[in-house]
């Protein structure tokens, strides 16, 4: 299952919100979402509106990134076909505090606030109060209640998070990037010997593939709620990466040549973090990600930008 989710801070994307203040443009998005790609004439015919009106409104949606157009061959020349770029739009007011101390800019991302996902069963989501949606049904990862997730798991695929690049707000030069989260492999039940290759990428660059050693179930996680059965995944290892000017380190070991320059942070308003298990992984043992209310740390996914 694959989906595209856009997370919007209304104070950063007023242009996008203004583009939705039109019944015509909302109807265009709804049509493309329900019936798939169409050219301008087809959209005009479906909505019963002049082609010129549709064309002008589609351009507004293209300008803010809600629609993409691609040229395709037609009987006479070529035609522009319109695609809806996102299946879901989430409006979130982000933390405006750019720094927690003079040298660090930190953002903690709730586990369920991923902006893209493509997962395969067995899979599922839990909040501290109970299971979210249906177990082993990938479409559950689209459930709005996912925002409350404190534990998620899947066998193959990925979840991707879009962090704000708060260094741009603070007008600060970045000297390092740190990423921390609690992870384990995933097996039906648990296993102390179940390796899984978990790959982490930032802005499209793979920084590391870490082999999680186990799916831990020997004791209850310090923060895992009592209703969660003891036979289920209880906690993980706290994985920590640091990207510097000369490469990427996991704990104290250098694991790749991917550097800050490769991430091109100064060119992006956001920082995309992808976590998953690849189809060709040597140890395709699934993944558990533990967030608030679960595991031994009860932490969200933490991104720190270290000022130069």
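Numbering (the UniProt record's numbering), first residue to last: 1 to 308.
Think of the CB as a built atom: it goes at the ideal place given N, C-alpha and C, for glycine as much as any other residue.
Asked, Found
"Check: residue 140 C-beta below 7 Å from any heavy atom of the ligand GDP", "Looking for the ligand GDP in the displayed structure turns up nothing, as the structure carries no ligands at all."
"DSSP-derived helix/strand/coil call for residue 90", "strand"
"Simplified DSSP assignment, three categories, for residue 144", "helix"
"Supposed contact pair residue 250 and residue 210 - C-beta distance, whole angstroms, cut 8 Å", "6 Å"
"From 242, 200, 213, 294, residue whose alpha carbon lies closest to that of residue 230", "294"
"Burial state of residue 196, where buried means 16 or more other Cβ atoms lie within 10 Å", "buried"
"Residue 220, DSSP secondary structure in three states", "coil"
"As assigned by DSSP and simplified to three states, the class of residue 300", "coil"
"Beta-carbon contacts of residue 203 that lie in its chain and below 6 Å, excluding the five residues immediately before and after", "263, 272"
"First through last residue of the alpha helix (DSSP H) which encompasses residue 43", "40-47"
"Close-in-space but distant-in-sequence residues of the same chain around residue 92 (CB under 8 Å, 5 per side omitted)", "7, 8, 9, 113"
"Three-way DSSP call (helix, strand, coil) for residue 164 in this model", "strand"
"Residue 199, enclosing beta strand (DSSP E) - first and last residue", "196-202"
"Coil, strand or helix - residue 262 by DSSP", "helix"
"Residue 228 burial status per 10 Å Cβ neighbour count (16 or more: buried)", "buried"
"The region 211-219 contacting the region 233-241, beta-carbon criterion three pairs below 8 Å", "yes"
"Same chain only: Cβ atoms within 8 Å of residue 57, ignoring 5 sequence neighbours per side", "22, 24, 25, 28"
"Contact check, residue 174 vs residue 307, beta carbons under 8 Å", "yes"
"Close Cβ partners of residue 16 (< 8 Å) along its chain, the five nearest in sequence each way excluded", "8, 64, 65, 66"
"Per-residue burial, residue 129 [other beta carbons within 10 Å of its own, 16 or more giving buried]", "exposed"
"Where residue 79 sits in the DSSP three-state scheme", "strand"
"Backbone CA spacing between residue 267 and residue 189 [nearest angstrom]", "44 Å"
"Beta-carbon spacing of residue 169, residue 287 below 8 Å", "no"
"Reduced DSSP secondary structure (H/G/I, E/B, other) of residue 7", "strand"
"Residue 115 (DSSP reduced to helix, strand or coil)", "coil"
"For residue 44, the nearest candidate out of 82, 142, 199 (CA to CA)", "82"
"Range of the contiguous alpha helix (DSSP H) that encloses residue 53", "51-63"
"Closest Cα partner of residue 85 within the set 62, 79, 42", "62"
"Residue 257 versus residue 30 - alpha carbon distance", "44 Å"
"Cβ pair count under 8 Å reaching 3, the region 123-139 against the region 160-168", "no"
"Close Cβ partners of residue 296 (< 6 Å) along its chain, the five nearest in sequence each way excluded", "221, 222, 235"
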